[in-house]
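S.K.: Chains as they are written, first to last, in this note's numbering: chain A, 1 to 482; chain B, 483 to 964. We treat Cβ as the ideally placed atom computed from N, Cα and C, and that holds for glycine. From a predicted model like this one, the values you see are computed outputs, not experimental measurements. There's a structure below that I have some questions on.
Listed below in structure tokens is the structure:
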């Protein structure tokens, strides 16, 4: 590569707009420059590129093992949902109808088919066939699949697209108690995934009625807070109760021979969480990936001239070999790019640790580890590199979480009056306040501030509603939302 | 469970029609009774149930590791394909158009969208954007996804459905030589997958022009032979050459600065292969799974009465613990079913090894291993159970392959005249014969016998076409096909 080409490449990399200057544009540029995703030639759709998909695979792997260890099996249900199914549960129908895409009716088709906006109806029609006795319960099925919701709002890669990927778990139980335990179990597994793997702290609580999943008794949501002052729902776990059991006639015979309706849950997490990872941890140099979900945890960059090339590449290959048993490492031995160019590129892609190895390092039997999050450079003895790398990854994972947690804590503010609430929302805060429980107050807040109740912290017997001043029933979190 | 209930359950299990009596009906019953898949409430669609999906996960896991170790990364492209894309490559368009399902046009849509029947076009539009220089090559991307082809023929679970799951690999290369190497590499990986994991021997060769993938230079197919005398295509690897590169304008600048078109391949394997596993290995008792793709490799069945229950269950749990580090084992300790009932159920589900453990076995410090394929019962010392189980699984894997290979060899017959060919096809054989290379002879064969050329064995300079008698160019395999 010539000096001129290199300069152009560097400029290209540097063209990322600062996060503080235009957050939304920074996000759009970063997602594309880090090769996470790209706009598709279909309005509203995205292409998840290999690097972005590899992050999704990390998330899938962690969660899939977790749910399988707690009684869930995977399956695959059709993309197509008969229209009559969507009509069966009226709340569910009204909730999803505006966003449903339909298949053009074929000559031989008896009815209209929707592309699944979620799979409760198609799955529960089968559950009604499969469940006969208490022996068939609990039934816990998950699927990893694509989902279609024809959004009309502007497209945002990962965050708002007409097709996205997710997992949806659907369980049926003999008792309400088991059902509620399941809802909590999955919510807690999501919390662990989001907090320990994605390094994003969340507030977890029930949704208000207006934000509850269409057809559920209640929804537990995991809410994260983005640097631009907006809440982002990371995952939800729904207690469906017996709504769907009634309309799909899902009954079982209990041990005493009595026929009963099952109790159900559903729960999901989608590729939009990757968008949250980008927003929470990314910086002006590009993506910053938590080591636990990084497709490449460490990149080895050999630094050499013509005289030292052979030796440095040999040592680099040895180092890769030594590390790859325990870590995801990549040796960037491309001869056509300079080390500086590579530094920029891997910083843009958010690789947690850069390992530099040059002739002097080899002489001193050392390498240099560079942390992506804080830029710290640390010479490490060759004999200690595995230990040092493991430690650096752990520290970075912790640091990202700690920073995000501090940001969240610093941005949750209590409001006692509606004026305070308005001001805090305007100042991009998440607002903790008393609420009377009436949807009128929720709606008024939305109208005046565009903020909604992200979730309920808990019940309270004291305090007054921040909107109407009447006695409060719950303490809730208000924020603008993605 | 009462005696009467047990009898009913046993009858239910036994109701599988013999394989030799009505092969097609046997297949339909088996797929449902073994809980592999079920008909969906949408005409032409299937539900892949957890047990069937677990087999797909085994196949995915093996192949995904294999392709990742040879330079492939996964990604995800949209389900929707703009109509104009499908029109770009005329052969491709004509090949898929009859089976395309379309999305109902929304008010704001500028064009019509197809549901992907395959993803060449949507992927290569992106490749044209991403590929700039020789440094970007080879580009190798795979995706695991759902595919929609609106079949009009009768539905067959796994074998012919309007939606199915597959992987599709799409690569771009700098030279024709690399491109052809890639086509062969993937075909060989499929062969290894199908033969060593699914225990199904295949014939591998190029397709005749009429059966070549729409838009490819040539297609290499892996053809298996089913017990009902029909060929089943297990996977294909296509040399696309520069057809798509031309129409999607996928160019790169080579090391000398010259602009060139890329060379491309695509290759796929779908859930229909599970149908082949069922047909090839299944018997009158149900499914028989090759150990390498069995979700449960061994099932432990405790045999006890009230006096011995505690001890037997304790020892069974110990045994599971001992085995589960190395094998996929399941302990069927359900108290509500008798051992006999369980034997039937697990035989239906094709679990390779049953491990019986009763009071006498415990006294003798042994267990009994029972092979699903040959029914052999073998007492094994407790201390040798891991070794014995590993060996039994290996032997069963080998035995299934050997049997299928013998069946294939015994059913390939040479034909020198068209009359011989007709007779052999009528007698459910796969016919090896000379062919002149002209499509007229292929069409005539199809009209008269419904058999098609499954693949080409190789070129030949001797012999006469089995149809027209003119000098032959190739030796080919004819068979009826799924």
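1. Name the residues in the segment 25-47 of chain A whose C-beta lies less than 8 Å from a C-beta of chain B; which are they?
2. Assign residue 504 of chain A to one of two classes, buried (16 or more other C-beta atoms within 10 Å of its C-beta) or exposed (fewer than that).
3. Output needed for residue 704 of chain B: all residues of its chain with C-beta closer than 8 Å, excluding positions within five of it in sequence on either side, in chain order.
4. So the alpha helix (DSSP H) residue 487 of chain A belongs to, where does it begin and stop?
5. In whole angstroms, give me the CA-to-CA distance for residue 128 of chain A and residue 120 of chain A.
6. Is there contact between the segment 277-294 of chain A and the segment 348-360 of chain A, where contact requires at least three CB pairs shorter than 8 Å?
7. To which residues of the same chain is residue 370 of chain A closer than 6 Å at the C-beta, ignoring the five residues directly before and after it?
8. Going along the chain, which residues of its own chain have a beta-carbon closer than 7 Å to the beta-carbon of residue 916 of chain B, five neighbours each way excluded?
9. Counting only beta-carbon separations shorter than 8 Å, does residue 74 of chain A have a partner in chain B?
10. Just checking my contact of residue 870 of chain B with residue 772 of chain B at CB under 8 Å: how many whole Å lie between their CB atoms?
11. Answer yes or no: does any C-beta atom of chain A fall closer than 8 Å to that of residue 632 of chain B?
12. Start and end of the alpha helix (DSSP H) containing residue 921 of chain B?
13. Which residues in the same chain have their Cβ closer than 6 Å to the Cβ of residue 480 of chain A, if we skip the five residues on either side of it in sequence?
14. Contact between the segment 63-82 of chain A and the segment 140-149 of chain A is defined here as three or more beta-carbon pairs at a separation below 8 Å; is this criterion met?
15. Find out if the Cβ-Cβ distance for the pair residue 76 of chain A, residue 647 of chain B is shorter than 8 Å.
16. Helix, strand or coil, according to DSSP, for residue 95 of chain A in the structure here?
17. Could you name the residues of the same chain whose beta carbon sits closer than 7 Å to that of residue 177 of chain A, not counting the 5 residues immediately before and after it, in chain order?
18. Should residue 165 of chain A be flagged as near chain B, meaning a C-beta pair shorter than 8 Å?
19. For the segment 130-202 of chain A, list the alpha helix (DSSP H) runs that are entirely contained and at least 4 residues long, ordered along the chain.
20. Does DSSP put residue 704 of chain B in a helix, in a strand, or in coil?
21. At a CB distance below 7 Å, what residues from the segment 75-88 of chain A approach chain B? Give them in sequence order.
22. Measuring alpha carbon to alpha carbon, tell me which residue in A:134, A:163, A:34, A:16 is nearest residue 295 of chain A.
23. Here's a check: name, in chain order, each residue in its chain whose Cβ is nearer than 8 Å to the Cβ of residue 313 of chain A, leaving out the five neighbours to either side.
24. Look at the Cβ atom of residue 366 of chain A, then the Cβ atom of residue 380 of chain A, and state whether they are nearer than 8 Å.
25. Alpha carbon to alpha carbon, how far is residue 43 of chain A from residue 274 of chain A? Give it in angstroms, no decimals.
26. Could you confirm whether any beta carbon from chain A is found closer than 8 Å to the beta carbon of residue 595 of chain B?
27. What in chain A is Cβ-close to residue 588 of chain B, meaning under 8 Å?
28. Pick from B:667, B:586, B:731, B:764: whose alpha carbon is nearest that of residue 553 of chain B?
29. Listed from N- to C-terminal order along the chain, which residues in the segment 725-756 of chain B have their beta-carbon within a distance smaller than 7 Å of any beta-carbon of chain A?
30. Tell me which same chain residues have a C-beta within less than 7 Å of the C-beta of residue 512 of chain B, skipping the five on either side of it?
31. Figure out for me which residue from B:952, B:732, B:854 has the closest Cα to the Cα of residue 899 of chain B.
32. Does DSSP put residue 909 of chain B in a helix, in a strand, or in coil?
33. Please report the distance separating the alpha-carbon of residue 454 of chain A from that of residue 138 of chain A.
34. Just list the residues that DSSP pairs residue 455 of chain A with in beta bridges.
35. Report back the beta-carbon spacing between residue 158 of chain A and residue 271 of chain A to the nearest angstrom; my notes put them in contact at under 8 Å.
36. From the DSSP output, which residues share a beta bridge with residue 896 of chain B?
M.R.: According to the structure shown:
1. Correct list: 38, 40, 41, 42, 43, 45, 46, 47.
2. Because chain A here runs from 1 to 482, residue 504 of chain A falls outside it and cannot be looked at.
3. 669, 672, 673, 676, 684, 685, 686, 715, 716, 717, 718
4. The structure shown does not extend to residue 487 of chain A, since chain A is modelled only from 1 to 482, so the question has no answer here.
5. 12 Å
6. yes
7. 354, 377
8. 942, 945, 946, 947, 948, 954, 957
9. yes
10. Between residue 772 of chain B and residue 870 of chain B the Cβ distance is about 19 Å, and since that is not below 8 Å, they are no contact.
11. yes
12. 921-931
13. 230, 450, 451
14. The segment 63-82 of chain A vs the segment 140-149 of chain A: in contact.
15. yes
16. helix
17. none
18. yes
19. 176-192
20. strand
21. For the segment 75-88 of chain A, the set of residues with a beta-carbon nearer than 7 Å to any beta-carbon of chain B comprises 75, 76, 77, 78, 79, 80, 82, in chain order.
22. Nearest to residue 295 of chain A by C-alpha distance, out of A:134, A:163, A:34, A:16, is A:34.
23. 302, 304, 333
24. Result yes, Cβ atoms of residue 366 of chain A and residue 380 of chain A sit closer than 8 Å.
25. 21 Å
26. yes
27. In chain order, 101, 150 make up the part of chain A whose C-beta sits under 8 Å from the C-beta of residue 588 of chain B.
28. Comparing Cα-Cα distances from residue 553 of chain B to each of B:667, B:586, B:731, B:764, the minimum goes to B:667.
29. none
30. 498, 760, 764, 768, 769
31. Distance check between residue 899 of chain B and each of B:952, B:732, B:854 places B:952 closest, using alpha-carbon atoms only.
32. coil
33. 31 Å
34. Residue 455 of chain A pairs with A:477.
35. 6 Å
36. B:914
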